[in-house]
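Input: a single structure, listed below in structure tokens.
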Amino acid sequence: MSRYGMLEVLATGPMTTVQDLGRPGRGDLGVGRSGAADRGALRLANRLVGNPEGAAALEITLGGLCVRARGDVVIALAGAACPATVTGPVGIRRQIGHHSVEHLPCGATLRLGTPARGLRTYLAARGGVDVTPVLGSRSTDILARLGPDLPVPGTLLPIGPPPAAFPAVDLAPVPETAGGELVLEILPGPRDDWFTPEALRVLRTEPYEVTADSNRVGIRLRGPVLERARDGELPSEGMVPGALQVPPSGQPTLFLADHPLTGGYPVIAVVRTRDVDRAAQARPGQCVRFRTA
Amino acid sequence: MHVRHCGGSALLAELDGLDEVVALYDALAEHPPAGVTDIVPAARTLLVRFEPPATPQSVEAAVRAVRPAPGGRTGACEVRIPVVYDGADLADVAALTGLPARDVVAAHTGTLWTVAFCGFAPGFGYLTGGDARLAVPRRAESRVRVPAGSVALAAGFSAVYPRESPGGWQLIGRTDAVVWDLAADPPALLRPGTRVRFTEVT
Chain V
1 MSRYGMLEVL
11 ATGPMTTVQD
21 LGRPGRGDLG
31 VGRSGAADRG
41 ALRLANRLVG
51 NPEGAAALEI
61 TLGGLCVRAR
71 GDVVIALAGA
81 ACPATVTGPV
91 GIRRQIGHHS
101 VEHLPCGATL
111 RLGTPARGLR
121 TYLAARGGVD
131 VTPVLGSRST
141 DILARLGPDL
151 PVPGTLLPIG
161 PPPAAFPAVD
171 LAPVPETAGG
181 ELVLEILPGP
191 RDDWFTPEAL
201 RVLRTEPYEV
211 TADSNRVGIR
221 LRGPVLERAR
231 DGELPSEGMV
241 PGALQVPPSG
251 QPTLFLADHP
261 LTGGYPVIAV
271 VRTRDVDRAA
281 QARPGQCVRF
291 RTA
Chain C
1 MHVRHCGGSA
11 LLAELDGLDE
21 VVALYDALAE
31 HPPAGVTDIV
41 PAARTLLVRF
51 EPPATPQSVE
61 AAVRAVRPAP
71 GGRTGACEVR
81 IPVVYDGADL
91 ADVAALTGLP
101 ARDVVAAHTG
111 TLWTVAFCGF
121 APGFGYLTGG
131 DARLAVPRRA
141 ESRVRVPAGS
151 VALAAGFSAV
161 YPRESPGGWQ
171 LIGRTDAVVW
181 DLAADPPALL
191 RPGTRVRFTE
201 VT
């Protein structure tokens with residue numbers, strides 16, 4: 001038992017992982033950065049509870065998480081807003097807010113419903129989720145199979161020592177995750193010359209649908225085919241989050257946090273860094289449009 | 001060198017070949033420009049990722065200003081990897097190369113290899129500089145499980161599988177050498193620039 005309390009996992013929903021801001025600096029060893037898919041939301045959840053921005057928290061995909069506090073725990077939720085219910089140790093229930101600082105008394109359970117919009121919710125606990133770091137990070141990279149094991153019912157997540165800083169606000173008035181059509185800004189290249197001029201026009205004007213074949217590695221998109229101007233293979237080259245890689249099918253994949261470090265299909269354009277967080281909140285069935293600055 | 005933008009936080013330097021990639025990687029890894037977070041070498045390119053306050057312009061200028069040292073980094077380490085050459089694909093490699101299996105082993109142990117870049121999996125180094133006769137294609141069908149320590153060939157490269165994983169390379173042997181160790185810093189034995197000598201054990 002951690003002296004600072006623990007979160008006992010009772011249910012995880014479709015997928016819950018521990019994430020911080022990842023492990024940069026080891027790309028040359030074949031180790032990707034990984035980390036929270038929506039980095040801005042992780043940072044916000046941490047700031048709310050007075051943690052350093054890069055403390056480890058839970059990344060919950062499409063809600064469904066249920067945890068019980070062992071010891072008193074101060075928490076905040078950010079990212080996709082879920083209905084969140086706290087059941088106290090004597091059975092009194094209350095709804096808690098999003099983007100707000102909340103107290104989970106020892107024995108209380110927190111249950112997240114399904115978000116109405118957005119995909120990934122971040123649960124930060126004051127002191128951070130203190131699982132053992134792997135290569136300097138507590139992030140689970142699902143592609144490289146690095147980092148802590150995925151929480152399952154019964155997992156006890158220790159909370160770390162509280163930081164010196166206290167929460168500065170009770171509530172952060174930030175806009176909620178967008179539903180409906182998502183518009184993302186792209187920068188053409190690095191391999192736009194592998195495609196017809198028409199392909200770039202199509203990418204800039206036509207909607208693409210987020211398919212269910214999407215995860216932390218990337219989002220498979222469905223829409224008009226992006227036609228190549230040349231055949232042949234590209235020697236594998238480094239990839240980045242936000243890259244729109246186009247396999248021979250002509251249907252692009254938008255890479256997220258756990259993307260492969262290198263890839264052999266040409267990248268027609270890259271989503272701007274600040275828009276990658278919003279892309280990570282896109283749900284299957286949602287439409288995405290790309291525009292250039 | 002041709003420099004392409006890869007979004008707003010990375011540049012892709014295109015080079016003439018692997019030697020130029022390795023030379024530029026060595027120089028940049030030794031003195032990373034301010035703001036650079038990751039340098040990812042590949043067969044023909046070097047990806048340079050950066051964070052503010054670095055800008056594409058400042059990083060491109062820094063990359064272009066690098067003068068790789070002739071002959072590569074001084075003090076590149078050399079490791080010996082003892083191999084039992086009993087791989088499941090040794091006979092296929094012999095057939096593909098037209099060499100008797102003994103000569104495949106002699107060719108594999110006969111030259112000094114160099115790690116050009118990592119990819120595919122953490123710590124999976126692509127080794128170059130081998131005997132040109134060992135250039136064999138990947139297997140027609142990938143294996144679901146290749147054991148850690150498998151020594152393999154494909155597309156002119158050699159590699160040691162750092163962990164058990166799926167894989168399509170031709171397996172010629174196995175080693176007890178630990179090439180991936182999370183408790184070690186750095187965790188990868190085969191890092192870009194490392195020289196590798198395979199030796200036969202029976």
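Order-wise, the sequence lines are chains V and C.
Its first residue numbered 1, the first sequence is counted upward by one per residue in full-length UniProt numbering.
Its first residue numbered 1, the second sequence is counted upward by one per residue in full-length UniProt numbering.
Don't be surprised by glycine CBs; every beta carbon is placed ideally from N, CA and C.
Please read these numbers as outputs of a predicted model, since none were measured by experiment.
Please confirm whether residue i has its beta-carbon closer than 8 Å to some beta-carbon of chain C.
{"i": "residue 246(V)", "result": "no"}
{"i": "residue 176(V)", "result": "no"}
{"i": "residue 24(V)", "result": "yes"}
{"i": "residue 273(V)", "result": "yes"}
{"i": "residue 280(V)", "result": "no"}
{"i": "residue 182(V)", "result": "no"}
{"i": "residue 36(V)", "result": "no"}
{"i": "residue 270(V)", "result": "yes"}
{"i": "residue 309(V)", "result": "In the structure as shown, chain V begins at 1 and stops at 293. Residue 309(V) is therefore absent and cannot be evaluated."}
{"i": "residue 261(V)", "result": "yes"}
When burial is assigned at 16 or more other CB atoms within 10 Å of the CB, is residue i buried or exposed?
{"i": "residue 36(C)", "result": "buried"}
{"i": "residue 175(V)", "result": "exposed"}
{"i": "residue 259(V)", "result": "buried"}
{"i": "residue 57(C)", "result": "exposed"}
{"i": "residue 6(C)", "result": "buried"}
{"i": "residue 137(C)", "result": "exposed"}
{"i": "residue 196(C)", "result": "buried"}
{"i": "residue 17(V)", "result": "buried"}
{"i": "residue 59(V)", "result": "buried"}
{"i": "residue 237(V)", "result": "buried"}
{"i": "residue 95(C)", "result": "exposed"}
{"i": "residue 19(V)", "result": "buried"}
Suppose you measure from the CA of residue i to the CA of residue j; what does that come to, to the nearest Å?
{"i": "residue 39(C)", "j": "residue 246(V)", "result": "23 Å"}
{"i": "residue 282(V)", "j": "residue 119(V)", "result": "6 Å"}
{"i": "residue 100(C)", "j": "residue 265(V)", "result": "36 Å"}
{"i": "residue 149(C)", "j": "residue 178(C)", "result": "7 Å"}
{"i": "residue 332(V)", "j": "residue 109(V)", "result": "Since the displayed chain V opens at 1 and closes at 293, residue 332(V) lies outside it and no answer follows."}
{"i": "residue 303(V)", "j": "residue 166(V)", "result": "Here chain V has residues from 1 to 293 only, and residue 303(V) is not among them."}
{"i": "residue 234(V)", "j": "residue 28(V)", "result": "20 Å"}
{"i": "residue 166(C)", "j": "residue 142(C)", "result": "7 Å"}
{"i": "residue 8(C)", "j": "residue 159(C)", "result": "33 Å"}
{"i": "residue 38(V)", "j": "residue 80(V)", "result": "10 Å"}
{"i": "residue 24(C)", "j": "residue 126(C)", "result": "17 Å"}
{"i": "residue 93(V)", "j": "residue 84(V)", "result": "10 Å"}
{"i": "residue 151(C)", "j": "residue 109(C)", "result": "12 Å"}
Looking at chain V, is there any beta carbon in it that lies within less than 8 Å of the beta carbon of residue i?
{"i": "residue 59(C)", "result": "no"}
{"i": "residue 68(C)", "result": "no"}
{"i": "residue 31(C)", "result": "no"}
{"i": "residue 239(C)", "result": "Given that chain C is displayed from residue 1 to residue 202, the structure contains no residue 239(C) and the question cannot be resolved."}
{"i": "residue 42(C)", "result": "yes"}
{"i": "residue 153(C)", "result": "no"}
{"i": "residue 9(C)", "result": "yes"}
{"i": "residue 5(C)", "result": "yes"}
{"i": "residue 188(C)", "result": "yes"}
{"i": "residue 118(C)", "result": "yes"}
{"i": "residue 37(C)", "result": "yes"}
Under a three-way DSSP split, which group does residue i fall into?
{"i": "residue 169(C)", "result": "coil"}
{"i": "residue 5(C)", "result": "strand"}
{"i": "residue 148(C)", "result": "coil"}
{"i": "residue 233(V)", "result": "coil"}
{"i": "residue 205(V)", "result": "helix"}
{"i": "residue 217(V)", "result": "coil"}
{"i": "residue 29(C)", "result": "helix"}
{"i": "residue 165(V)", "result": "coil"}
{"i": "residue 181(V)", "result": "coil"}
{"i": "residue 128(V)", "result": "coil"}
{"i": "residue 70(V)", "result": "strand"}
{"i": "residue 103(V)", "result": "strand"}
{"i": "residue 89(V)", "result": "coil"}
Given that residue i touches chain V, what residues does it touch there, using C-beta distances under 8 Å?
{"i": "residue 45(C)", "result": "235, 237 and 238"}
{"i": "residue 81(C)", "result": "Under the 8 Å cutoff, chain V gives no residues; its nearest Cβ is about 17 Å from residue 81(C)."}
{"i": "residue 50(C)", "result": "Simply none; closest approach about 10 Å."}
{"i": "residue 12(C)", "result": "190, 237 and 238"}
Tell me whether residue i counts as near the ligand GTP, meaning its Cβ is closer than 7 Å to at least one heavy atom of that ligand.
{"i": "residue 190(C)", "result": "Within the structure as shown, the ligand GTP is missing, as the structure has no ligands at all."}
What does residue i reach in chain V if we use C-beta pairs closer than 9 Å?
{"i": "residue 192(C)", "result": "28 and 29"}
Please list, in chain order, the chain C residues whose beta carbon lies closer than 8 Å to that of residue i.
{"i": "residue 144(V)", "result": "121 and 122"}
{"i": "residue 189(V)", "result": "4, 5 and 6"}
{"i": "residue 242(V)", "result": "7"}
Residue i touches chain C at which residues, Cβ-Cβ below 9 Å?
{"i": "residue 132(V)", "result": "Result: empty, since nearest Cβ-Cβ is about 10 Å, beyond 9 Å."}
At a CB-CB cut-off below 7 Å, which residues of chain V make contact with residue i?
{"i": "residue 182(C)", "result": "134 and 135"}
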